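So the protein sequences, as listed, match chains E and H.
Mapped onto the numbering used here, the consecutive letters of the first sequence carry residue numbers 1 to 123.
Mapped onto the numbering used here, the consecutive letters of the second sequence carry residue numbers 124 to 246.
Below you'll find the structure, written out as structure tokens, and then a few comments.
There are 2 protein chains.
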Amino acid sequence: MTQRQNADGNCQRSLCPVACTLDIIGDKWTLLVVRDLFSGKKMYSEFQRSPEKIPSNILADRLKRLVEYKIVLKEPYQTHPIRYQYALTKKGRELRLVLKAMVQWGEKNIPGSKALIKSIENA
Amino acid sequence: MTQRQNADGNCQRSLCPVACTLDIIGDKWTLLVVRDLFSGKKMYSEFQRSPEKIPSNILADRLKRLVEYKIVLKEPYQTHPIRYQYALTKKGRELRLVLKAMVQWGEKNIPGSKALIKSIENA
DNA sequence: CTAGTGACTTGCAGTATGCAAGTTACTAAA
DNA sequence: TTTAGTAACTTGCATACTGCAAGTCACTAG
């Protein structure tokens with residue numbers, strides 16, 4: 001289990017919003033899950049199929065954290081057997097500008113990177 | 124030493140600009156150093172004095188990586204003894220929108236977080 | 001009865017992080 | 001001429017996190 005921040009969003013390192021934000025989304029995988037949610041993916045197995053091939057234990061951990069921070073909502077889409085799907089909350093959808101800025105920076109500054117999804121631009 | 128990406132910016136995990144960008148700045152500390160550079164800090168000891176208290180070995184590593192990715196320029200400001208200062212390159216300054224989006228998201232969604240610097244807004 | 005799917009969990013080796021302390025090369029004060 | 005102090009790092013080491021493979025549980029379809 002990670003323990004970078006408590007679930008109600010209180011900051012640990014400082015009051016700086018950049019530091020606080022990084023305490024939540026500052027790692028290699030979290031924003032990729034958010035990106036997938038923006039592109040319409042909902043199911044655990046869909047996230048696993050993304051080209052970056054996120055390890056299953058990391059995915060489970062990140063989804064759990066995102067739910068704790070209320071960035072993502074987890075709800076069952078069937079019973080017998082119970083299965084869940086994920087969706088962005090309002091708080092999660094507000095990360096759009098962060099993603100958008102990264103897409104722009106990456107496309108401009110990293111040779112070979114090419115946006116595969118348009119969904120971030122106009123979500 | 125970290126080895127998330129090669130120095131000329133080629134992507135490892137996928138062609139997605141979000142993934143590529145996260146390979147470079149996707150961790151808890153890198154963007155805090157960039158934030159400090161935006162706020163006018165130049166010297167190693169200035170970064171250390173920031174409220175988040177970045178560990179010295181991490182700071183050295185992140186500065187090294189940022190220089191490798193040409194986000195930051197390192198140059199001596201004196202000899203006898205030789206001492207260096209750091210500054211953002213054009214590529215580095217273009218991260219402004221990423222920082223700005225994080226500031227906005229943090230201020231809106233994390234209770235208690237409050238921007239201490241204006242320099243990101245109008246850099 | 002077997003295979004497949006979805007959503008995870010577990011084990012474990014390897015990598016990264018965080019803390020404290022040490023290093024080198026000076027400058028300024030006592 | 002010791003003694004302090006500053007700047008920019010480096011080193012050692014315990015702990016935490018990551019990544020890979022494999023396993024689990026509850027079904028459904030053939």
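Built from N, CA and C at the ideal position, the CB exists for glycine as well.
Everything numeric in this text was worked out from a predicted model, so none of it was measured.
- Think of a sphere of 8 angstroms around the beta carbon of E/K108: the chain H residues whose beta carbon falls inside it are E217, in chain order.
- In the structure shown, the three-state DSSP call for H/P140 is helix.
- Interface annotation, E/R49: not in contact with chain H, CB-CB separation never under 8 angstroms.
- In the same chain as H/R185, and ignoring 5 residues on each side of it, the C-beta atoms closer than 6 angstroms to its own belong to W152, T153, V156, in chain order.
- Under the DSSP definition of a beta bridge, E/E75 partners with E/Q85.
- Our two residues, H/C143 and H/S137, have alpha carbons roughly 7 angstroms apart in a direct line.
- For H/S137, the residues of chain E that pass the 7 angstroms Cβ criterion are P51, E52, in the order they occur in the chain.
- The C-beta distance from H/A224 to E/L97 rounds to 4 angstroms, short enough to meet the 8 angstroms contact threshold.
- Assigned with DSSP and collapsed to three states, E/Y69 falls in coil, not helix or strand.
- If you draw a straight line from the Cα of H/A238 to the Cα of E/Y84, it is about 37 angstroms long.
- Excluding residues up to 5 positions away in sequence, V34 lie with their Cβ nearer than 6 angstroms to the Cβ of E/L95 in the same chain.
- Relative to the Cα of H/Y192, the nearest Cα in the group H/S236, H/K213, H/P204, H/S179 belongs to H/K213.
- Counted as a single uninterrupted DSSP element, the alpha helix (DSSP H) harbouring E/L97 occupies residues 96-109.
- Pairing H/P140 with E/G92 gives a Cβ-Cβ distance that is not under 8 angstroms.
- Spanning the alpha carbons of H/K187 and H/A210 requires a straight line of approximately 13 angstroms.
- DSSP, reduced to helix, strand and coil, places E/G92 within a helical segment of the structure shown.
- Look at H/P178: its C-beta is not under 8 angstroms from any C-beta on chain E.
- Counting C-beta atoms within 10 angstroms of its own C-beta, E/E75 has fewer than 16 neighbours from the protein chains shown and is therefore classed as exposed.
- Counting only Cβ-Cβ distances below 7 angstroms, E/V18 has contacts in chain H at L154, L155, R158, L222, M225, V226, G229, in chain order.
- Proximity of E/K114 to chain H, defined by a Cβ-Cβ separation below 8 angstroms, is satisfied.
- Bounds of the alpha helix (DSSP H) holding H/Q171 are 167-171.
- Within 8 angstroms of the CB of H/D184, no CB atom of chain E is found; the nearest one sits about 16 angstroms away.
- In chain order, Q208, Y209, A210 place their CB closer than 7 angstroms to the CB of H/K165, counting only its own chain and leaving out the 5 sequence neighbours on each side.
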